[in-house]
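Just below is one structure, and these are the notes that go with it.
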Amino acid sequence: METAPLIAMQSVGKTYPMGDLTVHALRGLDLTIARGELVVLLGPSGSGKTTTLNILGGLDRPTGGRVVVEGEEIARFDERRLTAYRRTKVGFVFQFFNLIPTLTALENVEFALSLTGRGSSLIRRSRELLALVSLEDRADHFPSQLSGGEQQRVAIARALANRPALLLCDEPTGNLDVETARQVLQAIRDLNRREGATVILVSHNASIAPMADRVVRLHDGSVAKIESNPHPAPVGELAW
Amino acid sequence: MKILLLKTLRDLRATLAQSVALIVIVMLGVASFAATVAAYRDLDTSYNRTYEDLRFADVTFAVQGAPESIVEEILVLEGVRNATGRLVIDTGMELPERDGETTDPIRGRLIGLPVPERPQVNDVLILEGRYFNSTDETSILADTHFAEYFHLGSGDAVSPLLNGRPVEFQIIGVAASPEYLMASPSRQELIPSARSFGVFFLPLEVLQKHLGLEGKINDIAIRLENGADEQTVVRRVQEKLASFGLSATTLRADQPSHANLTADVNQFRDVAYLLPSVILLVAAISVYMMLGRHVRAQTPQIGLMKALGYADSAVTGHYLSYALVIGLIGSAAGALLGLPLGSWITKMYAAELGIPIIQTQFYPDLILEGAALSLAATVLAGFAPARGAARQTPAQAMRFDPAIAQVKGRVSFLERVIHLPLELRLPIRNIFRVRRRSLTTALGIIFAYILILMVWGLRDSIEIMVSRNYETVERWDISVSFASLQTDSTGRDIRGWSGVQAAEPVLQIPVTLRTDTRSEEILLTAFDPGQTMHALQLPGGITPREAFAGGRLLISTGLADLLDLSEGDRVTLDTAFGPQEFTLGPTTDEMMNAVGYLPLDEIQKRMGTPALPYNGLWLDVDDSQSRRIKTDLYRLPGTAGVLRKSDLVADIRGYMGLFYLLIGIMMAVAITMAFALLFNAMMVTVLERKREFATMRSIGSEIRRIAMLLVTENLLLWLLTLAPGLLLGHWMALQVGTAFSVDLFTFRIVLAPSTYVFTAAGIFLTMILATLPAIRRVSNLNLAEATKVMN
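Going line by line, the protein sequences match chains A and B.
All residue numbers for the first sequence refer to this note's numbering, where the first residue is 2 and numbers rise by one.
All residue numbers for the second sequence refer to this note's numbering, where the first residue is 873 and numbers rise by one.
Encoded structure:
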């Protein structure tokens, strides 16, 4: 018996008005993603990678088509349900880390946890999450005291706080040097494997493609090519 | 350069709300400065022009009675340019019915003027009708203040009580006099009251005839030759008048209307300079803080400009142009608003006081001064951070993340030990970790306290001063004064009237108090030390009997401070019965400064009268009968004036109306500025934290939670600034109060406790209101964009 995909995008369109022009960011995009997959979205600028990610994450709405996540049509959600969706189903990792500057590493994770739970277990769980990204010894540091890679790992721990079905990473290594980028990708890969999180990773960088279960190449707002990778390469073997 | 100018304009448009708030702050500072200073200058010019046109007296002499021919003798004295002899008396006056109701009698001052030629000194300006001719027997001119209050004009009749009986006169015109631009009856009765005091002019011969004083005058007003020594001339005239019962010599500076106007204009000047200067200073500092934050937030853009090849000077110039545009638009708007507002204030003020000749002018220097200060502040504001940012390397500047860069230090021990809930921890962190931001916002809040308490303090102090003086100190309901000393029977009779609960005798005479170096005109009041109608405000439990012991003279604390006198000092009083020496007792802390008190028996001893001398009564009466009692008192022969305290207090409040208008304008400026300040602080905070809030929303925080975090942060900032805000606001109010104290009365800044409560609550409310647009902005953030782009 075939299980239902975690994500089903059907004929998804997205247009933006820009002055007198209309920009077509997505043109009838079709894509399904299974639970537990690690998918890398590749494509040149303007191909629709980030728009796809934003729509899946509930940060933006499509102007056409259907977007079903865990059986629910998220494009029809009102603002409140969309907020709840982001809180419970999605974890975000941003290119610029986006940590709350006045909270420590531990508290940044705790902040995300506090959106769904209360009590002393929050701190214990926050520490566990930081341990997952090997940052337990940096728990009491402010973002300004962490390196870029450390900040991004805190962001990953925060993204996993509420055990999201979907981890969305937008150019997570775009702002990092090679070695740090490897560490971050390793953390993401580990979480995908260990925690079973479904990961969609957007990048310009084709060299990270070998680590994915599937690679989706976008062009001009639609899927140009999908490549399955039965034997994903370990992060350490990625050639930059 | 053109492209940078375009960027400046686009930047202004992109941050339109904050730019407008900054422009409003600059505009209000310049406008309030220009308006009040212009109004002060216009008023000053108007008074002086009126004085010159109407030949206002330099010195006025009061005598018991002198022949008219004495004027000719004075005119030939060296240093005297002009002299006019007049007969001036105060008497009761009956007025026609008003709106079908009888009108209370009032205290009328009748001034006999030469006819048909106009007075050479203290001429009148005919505003309606005509001046007298030789055939006028029953004609009278009414002073404009009184005529306006009672809607009197040509053809109306008034009946002054002359020798105890009403004599009807027809009003032939309405006039203004330089002596009564403010119609204050005397130096001790400063508050002009058209309700109870009116000035009338009539031909000198007519008045002399009715009073049986043919050929007599009791008032000589002179103008001095240019360059004449005032003291010398005064001495010569005094010698000339010595044998005619010289009772008072009043220099222009002490003339009641002039002294009152001078005090008023000086207060206006203080308000005109002090309050707007503070507002302008607050505006300047606010712009400095806000622009500084704005420029700092643009550091990555500055890095980009440098990377593209712009020189440091071009970058600095660009941010200076941003500041310059704010300063220029704000100053221009301030000038456009301020100068017409100044003319309006002048006209309102002059109309309220009945100043007949008004001159308003355009003052380009005020625009320049205000604009220069605000431009300097705005340019300085843009310069420091722009130059700082321009000095960084492009790569360094482009990587600058204001949000991260502002958080300094490690988690403190206290924070590790005390584990507060996140809802509290995050706001506290924001306040204490991002100190520059918190400090600028806190300063904005403190400025709001200063602005509001400074203005409100004036209002409170006046209210408290008036209520203290007329509830605690003056306890009589009606004060009646007689033209001459009374016998025991007058008091006894009045005490027996229906509705009169008590009547206490009092002697009030104008005297000159002299020390070795200075002199001051004061009202000497003598009464029984056991009287209950006037509560002397003596220090530490001293009773009036103890204070007066040994026939000591008591003066007000304000007068003692002014003349540098203290208990035990010897002073001389120049009185109609000769100079008298006294030892000073303790001072009485009262509102009016120019007052002195003696026990009646001491005065009796000095005057050598067989009975206690008194020329007035203080009455405690049944409220419901006070109008009737006032009318009956006026009908007594020899009554000079009757004053109901309730009328006096109403007059003071009416008189203060204009002052409150000014305070109201200042208050509106202060509140608008406080809102603009706080709004700007909140908006800049949200702009600086745009990515942070967008991230919170992206990971599932509801707007309500973010709003609560912002409100909590504001609540904490409000709590932290409460004490310094109130203290500094109070301190600034005291500074304003010091500037307000004048010779005539003591002005102490007293703030009502409710003012602190309302100000603090108002500021909190303003902070919350100013947060609402910020919250709406967070709610409308484009999350996809805001989470991806550095600030």
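Even for Gly, the Cβ is constructed at its ideal location relative to N, Cα and C.
All values derive from a computational prediction rather than experimental measurement.
Subject >> Whether Ser223 of chain A touches Asp79 of chain A by CB criterion (9 angstroms) >> reply: no
Original post:
Which residues of chain A have a Cβ atom closer than 7 angstroms to the Cβ of Ala1656 of chain B, listed in chain order?
Top reply: Asn55, Leu60, Asp61
Original post:
Skipping 5 residues on each side, what residues in its chain have a beta carbon closer than 6 angstroms to that of Gly47 of chain A?
Top reply: none
Subject >> N-terminal and C-terminal residue of the beta strand (DSSP E) that Thr1511 of chain B is part of >> reply: 1511–1516
Original post:
CB Pro1057 of chain B to CB Phe1069 of chain B, shorter than 9 angstroms?
Top reply: yes
Subject >> Thr84 of chain A: contacting residues in chain B (beta-carbon distance under 9 angstroms) >> reply: Arg1569, Gly1572, Ser1573, Glu1574, Ile1575
**OP:** For Met2 of chain A, I'd like the list of residues in its chain whose CB is within less than 8 angstroms of its CB, leaving aside the five on either flank, ordered along the chain.
**Re:** Below a pLDDT of 50, predicted positions are generally treated as unreliable, and Met2 of chain A, at 45, falls in that range; the measurement from the model is reported next regardless. Cβ within range, chain order: n/a, list empty.
Subject >> Extent of the continuous alpha helix (DSSP H) run through Ala1658 of chain B >> reply: 1655–1658
Original post:
Three or more C-beta pairs closer than 8 angstroms, one from the region 1199–1207 of chain B and one from the region 1242–1255 of chain B: is that the case here?
Top reply: yes
Original post:
Which chain B residues are close to Phe93 of chain A, counting only those with a beta carbon under 7 angstroms from its beta carbon?
Top reply: Ser1570, Ile1571
Subject >> Selection from B:Pro939, B:Thr1313, B:Trp1328, B:Phe928 that minimises the alpha carbon distance to Gln992 of chain B >> reply: B:Phe928
**OP:** Using DSSP bridges, identify the partner residues of Gln11 of chain A.
**Re:** A:Arg67
Original post:
Are the C-beta of Leu894 of chain B and some C-beta of chain A separated by less than 9 angstroms?
Top reply: no
Original post:
Do Val1608 of chain B and Met1326 of chain B have their C-beta atoms within less than 9 angstroms of each other?
Top reply: yes
Original post:
So is Arg1305 of chain B in contact with chain A if we call contact Cβ pairs under 9 angstroms?
Top reply: yes
Original post:
Unbroken alpha helix (DSSP H) runs of length 4 or more, entirely within the region 1217–1274 of chain B: which are they?
Top reply: 1236–1262, 1266–1271
Original post:
Does the beta-carbon of Ile259 of chain A have 16 or more other beta-carbons within 10 angstroms, so that it is buried, or is it exposed?
Top reply: Given that chain A is displayed from residue 2 to residue 241, the structure contains no residue 259 of chain A and the question cannot be resolved.
Subject >> Straight-line Cα distance separating Phe1140 of chain B from Asn1663 of chain B >> reply: Low per-residue confidence applies at Asn1663 of chain B: pLDDT is 45, beneath 50, and the placement is therefore not dependable, though the value from the model is reported in the following sentence. Cα to Cα, the separation comes out at about 48 angstroms.
Subject >> Per-residue contacts from Asn99 of chain A into chain B (C-beta, under 7 angstroms) >> reply: Arg1563, Thr1567, Thr1659
Original post:
If you measure from the beta carbon of Leu239 of chain A to each beta carbon in chain B, is any gap under 9 angstroms?
Top reply: no
**OP:** Can you give me the Cβ contacts of Ala828 of chain B inside the same chain, cut-off strictly under 6 angstroms, excluding the 5 residues immediately before and after it?
**Re:** Any answer about residue 828 of chain B is impossible in this case: the structure gives chain B only from 873 up to 1663.
Original post:
Who does Val1622 of chain B pair with in a DSSP beta bridge?
Top reply: Looking at the DSSP assignment, Val1622 of chain B forms no beta bridge with any residue, so it has no partner.
**OP:** Compute the distance between the beta-carbons of Met1464 of chain B and Val1338 of chain B, then report whether it is under 9 angstroms.
**Re:** no
Original post:
Applying a beta-carbon distance threshold of less than 8 angstroms, which residues of chain A neighbour Val1159 of chain B?
Top reply: Here the premise fails: no neighbours, minimum Cβ distance about 26 angstroms.
**OP:** Consult DSSP for Asp31 of chain A and reduce its assignment to one of helix, strand or coil.
**Re:** strand
Subject >> Nearest-angstrom beta carbon gap, Leu1379 of chain B and Pro1471 of chain B [assumed within contact, 8 angstroms] >> reply: Rounded, the Cβ-Cβ distance is 10 angstroms, inconsistent with contact.
Original post:
Should Leu1606 of chain B be listed as close to the ligand GDP, given that the test is whether its C-beta is under 8 angstroms from any heavy atom?
Top reply: Ligands displayed in this structure: none; no statement on the ligand GDP is therefore possible.
Subject >> Validate contact between the region 915–932 of chain B and the region 1583–1603 of chain B using beta carbons, cut 8 angstroms, 3 pairs >> reply: no
Original post:
Is it true that the CB of Gly984 of chain B sits closer than 9 angstroms to the CB of Glu1077 of chain B?
Top reply: yes
Subject >> Sequence ranges, alpha helix (DSSP H) only - wholly within the region 1292–1319 of chain B, length at least 4 >> reply: 1294–1305
Subject >> chain C contact for Val960 of chain B (CB, 9 angstroms cutoff) >> reply: Although the question refers to chain C, the structure presented lacks it and instead comprises the protein chains A and B.
**OP:** Counting only the same chain and skipping the five closest in sequence on each side, list residues whose C-beta sits under 7 angstroms from that of Glu1664 of chain B.
**Re:** This structure leaves residue 1664 of chain B out entirely; chain B is present only between 873 and 1663.
Original post:
Relative to the alpha-carbon of Gly1316 of chain B, which residue among B:Phe1304, B:Asp1091, B:Met1545, B:Gln1110 has its alpha-carbon at the smallest distance?
Top reply: B:Met1545
Original post:
Does any C-beta atom of chain A lie closer than 9 angstroms to the C-beta of Asn1586 of chain B?
Top reply: no
**OP:** Decide yes or no for the touch test of the region 86–105 of chain A against the region 52–65 of chain A: beta carbon pairs closer than 8 angstroms, at least 3 of them.
**Re:** yes
**OP:** Compare the Cα-Cα distances from Glu196 of chain A to each of A:Val203, A:Ala188, A:Glu238 and report the closest residue.
**Re:** A:Ala188
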